[in-house]
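Peer 1: Can you read through this structure? Questions will come right after.
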Ligand SMILES: [Zn+2]
């Protein structure tokens with residue numbers, strides 16, 4: 005630390021800073037849709053290159069994001085596939101396929117993009133290792149959080165987690181087959197059942213992604229779990245939501261280690 009001067013790019017004031025007990029070697033942000041150059045329906049700080057927005061606008065927004073980070077490196081960007089693969093973040097400008105990125109070297113950052121799915125931040129209490137994961141219901145079910153935790157040499161009790169903005173239970177309607185799949189995969193049937201509230205539509209349920217993630221993390225042995233409580237669908241001013249408008253942008257959850 006100390007050698008990298010803290011940059012103050014334009015836009016940082018619109019971002020969320022996780023409230024969690026991560027060590028001061030760790031920096032973490034969630035961008036909002038405010039402060040960029042993308043036009044409607046991607047207005048304005050869209051960071052997704054795969055959503056049909058003008059690529060120059062997205063690159064401008066990404067460059068602006070890098071400018072705001074307290075390190076010299078640009079974040080590792082991912083091609084997310086709703087899978088459970090964890091990649092090691094690098095600063096070589098190569099976009100890697102995966103749904104989580106792990107960092108154990110100072111001066112690196114990684115980003116996941118979401119618009120309803122759950123971004124999950126991880127930091128070792130030692131302050132030497134971090135990760136960020138993209139968890140929709142499918143990734144959650146397929147173990148993206150567990151795979152991310154496995155990447156850490158630390159015991160689960162030595163890792164703290166923050167749950168970023170996802171679609172809330174108020175708006176996340178899913179079919180009964182999603183509930184069945186989670187029930188089948190879990191030993192805590194009661195906990196899982198409580199994370200699904202029946203909707204007025206027969207056979208449908210409102211799912212609580214935060215609760216489902218928390219159950220998985222606790223089952224793995226993680227006790228320091230923070231965040232949650234957002235709804236990307238309800239909070240139109242700050243967040244993109246794929247369920248609200250299918251043609252929309254992506255905001256980013258960024259984590260890194262100071263150099
Ligand atoms: Zn909502």
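Residue numbers (the numbering used here): 5 to 263. Every residue, glycine too, gets a C-beta built ideally from N, C-alpha and C. Bear in mind that the values here come from a model prediction, so they are computed numbers and not experimental data.
#1: So is residue 231 buried or exposed if we call it buried at 16+ other beta carbons inside 10 Å?
#2: Quick check on residue 50: buried or exposed, where buried means 16 or more other Cβ atoms within 10 Å of its Cβ?
#3: For residue 162 and residue 153, what's the separation of their Cα atoms in angstroms?
#4: Starting from residue 141 and walking both ways along the beta strand (DSSP E), at which residues does that stretch end?
#5: Under the rule that 16 or more other beta-carbon atoms within 10 Å means buried, what is residue 6, buried or exposed?
#6: Give the secondary structure of residue 220 by DSSP, where H, G and I count as helix, E and B as strand, and everything else as coil.
#7: Got a sec? Which residues, its chain only, sit under 7 Å from residue 186 by beta carbon, not counting five neighbours each side?
#8: Determine the burial state of residue 253: buried for a count of at least 16 other Cβ atoms within 10 Å of its Cβ, exposed for fewer.
#9: For residue 251, report the span of its alpha helix (DSSP H) as first-last.
#10: What's the C-alpha gap between residue 240 and residue 23?
#11: Does the count of Cβ pairs from the region 121 to 131 and the region 25 to 34 closer than 8 Å reach three?
#12: Leaving out five residues before and five after residue 190 in sequence, what residues of the same chain have Cβ atoms less than 6 Å from its Cβ?
#13: Which ranges would you report for the alpha helix (DSSP H) in the region 184 to 238 if only whole runs of at least 4 residues count?
#14: Sorry if obvious, but does the Cβ on residue 171 come closer than 8 Å to a heavy atom of ligand 1?
#15: With a threshold of 8 Å on Cβ separation, who are the neighbours of residue 174 within its own chain once the five nearest residues in sequence on each side are excluded?
#16: Could you check whether the Cβ of residue 244 sits closer than 8 Å to any heavy atom belonging to ligand 3?
#17: Go ahead and pull the three-state DSSP assignment for residue 122.
#18: So what's residue 5 in DSSP terms, helix, strand or just coil?
#19: Please name the residue, chosen from 62, 56, 200 and 35, that lies closest to residue 42 on a Cα-to-Cα basis.
#20: Verify whether the separation of the beta carbon atoms of residue 93 and residue 113 is less than 9 Å.
#21: Mark residue 140 as exposed unless 16 or more other C-beta atoms lie within 10 angstroms of its C-beta, in which case mark it buried.
#22: Are the beta-carbon atoms belonging to residue 121 and residue 104 less than 9 Å from one another?
#23: What ranges does the alpha helix (DSSP H) occupy inside the region 10 to 90, keeping only unbroken runs of at least 4 residues that lie completely in it?
#24: Please confirm whether residue 149 and residue 46 have their CB atoms less than 9 Å apart.
Peer 2: The answer reads as follows:
#1: buried
#2: buried
#3: 11 Å
#4: Premise fails: residue 141 lies in the alpha helix (DSSP H), 141 to 145, not in any beta strand (DSSP E).
#5: At residue 6, the pLDDT of 40 sits below 50, so the modelled position is not reliable and the matter cannot be decided from this model.
#6: DSSP places residue 220 within a helical segment (H, G or I) once states are collapsed to three.
#7: Cβ neighbours of residue 186 beyond the five flanking positions: 145, 196 and 216.
#8: Residue 253 is buried by the Cβ-count criterion.
#9: Taken as a continuous stretch (DSSP letters only), residue 251 belongs to no alpha helix (DSSP H), as it is neither H nor E.
#10: So the two alpha carbons sit approximately 22 Å from each other.
#11: yes
#12: 196
#13: 193 to 198 and 213 to 224
#14: yes
#15: If the five residues before and after residue 174 are omitted, its C-beta is found closer than 8 Å to the C-beta atoms of 210, 235, 237 and 238, all from its own chain and listed in chain order.
#16: What this structure holds is ligand 1, not ligand 3.
#17: strand
#18: At residue 5, the pLDDT of 41 sits below 50, so the modelled position is not reliable; the number obtained from the coordinates is stated separately. Coil at residue 5, not helix or strand.
#19: Checked all of 62, 56, 200 and 35; the closest Cα to residue 42 is 62.
#20: yes
#21: buried
#22: In this structure, residue 104 does not lie closer than 9 Å to residue 121 by Cβ.
#23: 59 to 72
#24: no
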